[in-house]
Amino acid sequence: MLKLQNLEKFYNKNRNNEIHVINDINLELPQTGLVVLLGPSGSGKTTLLNVLGGLDKLNQGVIDFDGTVIDKYRSSHWDDIRNEHVGYIFQNYNLLNNLSVYDNIAMTLNMVGIIDKEEIDNRIDYILSNIGMINYRRRKAGQLSGGQQQRVAIARALAKNPKVIIADEPTGNLDSKNTYDIMNILRNISKTKLVVLVTHEENIASLYADRIIRLKDGQIVSDVENKSIGGVDVQLDTDIYLKDLNAVTAFEENNHSFQVFSDEKIDANFNVRLIVKNKTLYVQVDSNKYKRVNLLDHSSEVKIFDAHYENEVFEEFTDINFDLDSVIDESKQQQKRAVISTKEAFKLAFNRFKDPSRTSKFIYAMFIVIAGFVAIAISMIFNVYSIDPLDFMNEPLDTVSFKLDGLTFDEIMALEDEPSIGYYNMAGDVNFNVVLPTVFQRIYGDRGVMIMAALNDTYLDSSKIIYGDPIAHQNELVLNKVLLENMMENSSYQSLGITSVQDFLNIDIEYEVENVDGTKTKIKATIVGIIEESNPVFYAKEETIWMMKTGIGIYDVFEDDITLTAGTLPLDNRELIVRENDLYIPGTTVNSVTITDTAIEATGTFTAADTVPDFLVNLDVLKEAYFNNNYVQPDEVVSLIANDVDESIDVLLADYGIDAVNSYKTLFATYRQMQIVNGLGTLMFGAVFLGASSISAFFIL
Ligand code: ADP
Ligand code: MG
2 MLKLQNLEKF YNKNRNNEIH VINDINLELP QTGLVVLLGP SGSGKTTLLN
52 VLGGLDKLNQ GVIDFDGTVI DKYRSSHWDD IRNEHVGYIF QNYNLLNNLS
102 VYDNIAMTLN MVGIIDKEEI DNRIDYILSN IGMINYRRRK AGQLSGGQQQ
152 RVAIARALAK NPKVIIADEP TGNLDSKNTY DIMNILRNIS KTKLVVLVTH
202 EENIASLYAD RIIRLKDGQI VSDVENKSIG GVDVQLDTDI YLKDLNAVTA
252 FEENNHSFQV FSDEKIDANF NVRLIVKNKT LYVQVDSNKY KRVNLLDHSS
302 EVKIFDAHYE NEVFEEFTDI NFDLDSVIDE SKQQQKRAVI STKEAFKLAF
352 NRFKDPSRTS KFIYAMFIVI AGFVAIAISM IFNVYSIDPL DFMNEPLDTV
402 SFKLDGLTFD EIMALEDEPS IGYYNMAGDV NFNVVLPTVF QRIYGDRGVM
452 IMAALNDTYL DSSKIIYGDP IAHQNELVLN KVLLENMMEN SSYQSLGITS
502 VQDFLNIDIE YEVENVDGTK TKIKATIVGI IEESNPVFYA KEETIWMMKT
552 GIGIYDVFED DITLTAGTLP LDNRELIVRE NDLYIPGTTV NSVTITDTAI
602 EATGTFTAAD TVPDFLVNLD VLKEAYFNNN YVQPDEVVSL IANDVDESID
652 VLLADYGIDA VNSYKTLFAT YRQMQIVNGL GTLMFGAVFL GASSISAFFI
702 L
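Counting from 2, one number per residue, gives the positions in the sequence shown under our numbering.
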């Protein structure tokens with residue numbers, strides 16, 4: 002009947018809180034019989050039931066429903082199957098309380114296209130008589146007891162004559178008498194149909210199931226025929242009745258009470274120590290005989306009863322005849338309709354409105370919704386006056402950019418002399434790893450990658466630093482508060498102990514710098530300050546930024562860390578120094594290192610600690626090499642950081658014929674326009690909705 006293959010389902014997939022709720026489930030269920038899914042709460046019973054009954058989607062795997070194959074791509078097949086072939090029974094009955102028993106069932110039949118009055122009456126009467134509910138035919142569902150409502154729910158599920166009935170804890174809210182009655186009905190139904198039932202009660206499973214499938218953590222842990230079916234002795238191994246045991250010892254002192262119960266004479270020595278530390282209770286058992294300690298807490302399956310065991314009252318199954326096929330007239334089965342009829346819908350709606358408190362509640366709710374729309378719209382429109390660049394920018398706000406168009410490196414550098422222009426900024430972002438405090442390092446994946454645009458510390462406005470200090474040395478950074486907050490949200494930092502932005506202070510970040518032989522040296526930098534401003538960047542010394550960006554060591558940064566052992570320092574732009582033994586042979590021409598396709602001559606060697614990269618260049622030569630390597634196409638975009646955006650754009654155009662733009666201004670205008678358009682749209686919608694609602698409210702009242 003039902004075949005499940007490699008079923009998988011996750012909640013919150015690929016997030017920290019991912020739950021593998023169905024874990025590779027393979028199952029074949031027969032045409033008839035009562036199959037019970039048993040397991041502790043949270044084991045995935047409901048999810049599995051809903052997936053196999055088409056109420057929930059699967060992530061992976063295949064379901065074969067009586068020949069129709071369903072997988073995650075072909076889930077639309079479910080719609081027809083669900084309507085016609087699956088009946089649902091829930092713990093809380095899910096009846097429409099304002100409708101009569103008859104109408105509740107008739108509506109389900111309408112939904113599957115059965116609208117012939119006689120056919121409907123035949124089916125309903127037949128089922129209701131068989132479950133002892135015929136006298137309640139006209140009663141409103143809301144006026145019935147729980148047991149009666151569940152009977153109606155069963156009748157409703159059964160009326161369309163489905164192939165499968167799925168029931169999720171159908172007796173969860175019922176007393177034992179009603180539980181037995183309902184289970185009896187389901188048991189009888191299972192003679193001709195497949196009934197899949199979810200429960201966490203062992204008793205129910207062992208009394209009624211043909212087959213018991215135990216689930217734990219989304220996996221099947223056992224799948225067996227139920228041998229004890231109908232058996233009267235339902236005492237379970239996991240139940241312990243204290244009164245049936247010998248109370249061996251019992252004493253009480255200082256409000257602590259200790260008791261020992263046993264089902265045998267205890268002749269072995271055993272000493273037990275209870276230790277409480279860090280809110281945890283430890284049990285130490287010193288005994289040759291009792292090695293296994295089974296700790297009982299709220300999650301254990303073992304139940305302790307302070308009583309004698311008594312046989313559960315169990316009545317033999319009463320036979321109920323559900324030969325539905327005998328009353329069904331197939332010719333009355335109409336075209337499929339997945340929706341209820343217009344008449345039915347009106348009846349339903351009208352029933353709701355007959356209740357005056359519902360009407361006024363509804364009208365209030367409507368006005369609240371409308372007020373909500375209007376408020377959102379107005380706030381959207383007013384928001385344009387307080388747009389935060391952090392919402393849409395990811396480069397420095399004062400960037401002016403233009404197409405390279407044949408300009409040389411020297412020409413670009415010359416632009417830095419303009420008072421309105423600050424400096425040439427390489428395009429794009431810098432990325433680096435965050436090194437979390439040692440105490441957290443044991444946890445796998447303790448490094449987070451940050452990618453941010455950088456700005457020279459000369460642009461840092463110290464008055465906006467909210468935690469920590471401005472930048473004083475190389476390899477110090479000041480980070481933007483909002484960027485850190487975003488990062489915290491999107492990563493596991495919180496679980497690693499970084500719970501507020503201040504926790505980032507004095508934390509090291511790490512980036513890599515190349516060596517001559519292709520290996521890399523890790524360089525550390527420290528977060529010394531956190532700034533609150535709308536510029537979506539972090540700040541560092543220019544040399545640090547270039548090192549992070551290009552992965553090439555800069556001489557100025559390590560000036561104090563090295564000892565020159567031969568040759569000269571890199572005084573000229575075309576020179577560099579290398580670590581001793583690396584490749585420097587005085588007086589030859591092999592002494593060069595290729596940096597981004599430019600060969601730079603080595604003029605000296607040094608010794609230094611391992612933390613220093615193996616070769617060091619001057620910043621200017623690095624800039625030029627980087628420029629020449631990266632800006633080869635004429636339509637490449639060059640970015641400058643402006644001291645005065647408007648003026649720099651004017652100057653560039655007037656004096657150099659360069660057409661530059663500031664993306665912040667362009668993006669800001671677009672963003673604002675979008676906000677206004679959206680806001681107006683929402684406002685209009687609110688207005689139309691208000692009009693329509695007022696008219697209908699008028700008629701309703
Ligand atoms: P059972 O019916 O056996 O008690 P469920 O199938 O309801 O178990 O749930 C199994 C697990 O999946 C539980 O840990 C539950 O918290 C989780 N879960 C259920 N529904 C959702 C959901 N919609 N989103 C996230 N987790 C869920
Ligand atoms: Mg459940």
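Think of the CB as a built atom: it goes at the ideal place given N, C-alpha and C, for glycine as much as any other residue.
Just so it is clear, the structure is predicted and the values come from calculations on it, not from any experiment.
query, result
"Neighbourhood of Thr597 by C-beta distance below 6 Å, restricted to the same chain and skipping five residues each side", "Ala626, Tyr627 and Asn630"
"Own chain, CB closer than 6 Å to Gln503, minus 5 neighbours either side, in chain order", "Tyr468"
"Burial state of Gly692, where buried means 16 or more other Cβ atoms lie within 10 Å", "exposed"
"Rounded separation between Glu119 and Ser130 - CA only", "16 Å"
"Under 7 Å between C-beta atoms of Val436 and Glu511", "yes"
"Per DSSP, cross-strand counterpart(s) of Asp72", "Val63"
"Where Val235 sits in the DSSP three-state scheme", "In this predicted model, Val235 has a pLDDT of only 47, less than 50, meaning its place in the structure is not dependable; the value taken from the coordinates is given anyway. Residue state, collapsed to three classes: coil."
"C-alpha distance - Arg338 paired with Gly114, whole-angstrom precision", "At Arg338 the pLDDT is 48, less than 50, meaning the model places this residue with poor confidence; the figure from the coordinates comes in the next sentence. One C-alpha to the other measures close to 5 Å."
"Buried or exposed by the 16-neighbour rule on C-beta atoms within 10 Å, applied to Leu100", "buried"
"Any non-hydrogen atom of the ligand MG within 6 Å of Thr47 CB", "yes"
"Selected residue, minimal CA-CA separation from Leu391, among Glu490, Asn536, Tyr365 and Met451", "Asn536"
"Beta carbon of Asp458 nearer than 7 Å to that of Lys542", "yes"
"One or two residues paired with Asn426 in a DSSP bridge", "Ser640"
"Distance between Ser464 and Glu515 (C-alpha atoms, nearest Å)", "36 Å"
"For Leu187, the three-state DSSP class (helix, strand or coil)", "helix"
"Identity of the residue in Thr545, Thr281 and Pro397 nearest Leu623 by Cα", "Thr545"
"Ile132 vs Arg152 beta-carbon contact at 7 Å", "yes"
"Status (buried if at least 16 other CB within 10 Å, exposed otherwise) for Asn582", "exposed"
"CB contact flag (Val102, Arg138, <7 Å)", "yes"
"Own chain, CB closer than 7 Å to Val538, minus 5 neighbours either side, in chain order", "Pro397, Met453, Ala454, Ala455, Leu456 and Asn481"
"Burial state of Met488, where buried means 16 or more other Cβ atoms lie within 10 Å", "buried"
"The ligand ADP heavy atom lying under 6 Å from the CB of Ile88", "Checking the sequence, you will find Gly at residue 88 rather than Ile. Gly88: no, Cβ never under 6 Å from the ligand ADP."
"The ligand ADP heavy atom lying under 6 Å from the CB of Ile26", "no"
"Helix, strand or coil at Val622 [DSSP, three-state]", "helix"
"Stretch pair the stretch 246 to 256 + the stretch 80 to 90: three plus CB contacts closer than 8 Å", "no"
"As assigned by DSSP and simplified to three states, the class of Leu608", "Here the sequence assigns Thr to residue 608, which means Leu is not the residue at that position. If DSSP states are grouped into helix, strand and coil, Thr608 belongs with the strands."
"Presumed contact (8 Å Cβ cut-off) between Ile1 and Ile166, rounded CB distance", "Because residue 1 is not part of the residues shown, which for the chain are 2 to 702, the question remains open."
"Bounding residues of the alpha helix (DSSP H) (the contiguous stretch that carries Ala158)", "Gly147 to Ala160"
"Local conformation of Val431 per DSSP, three classes", "strand"
"Where Arg338 sits in the DSSP three-state scheme", "Low confidence applies here, because Arg338 scores a pLDDT of 48, under 50, leaving its location unreliable and the question unanswered by this model."
"heavy atom of the ligand ADP below 6 Å from Gly423 C-beta", "no"
"Distance cut-off 6 Å: Ile167 Cβ against heavy atoms of the ligand ADP", "no"
"Close-in-space but distant-in-sequence residues of the same chain around Lys525 (CB under 6 Å, 5 per side omitted)", "Asp509 and Glu511"
"Any non-hydrogen atom of the ligand ADP closer than 6 Å to Gly62 Cβ", "no"
"The stretch 630 to 642 touching the stretch 610 to 618, judged by at least three CB pairs closer than 8 Å", "no"
"Heavy atom of the ligand ADP within 6 Å of Ile20 beta-carbon", "yes"
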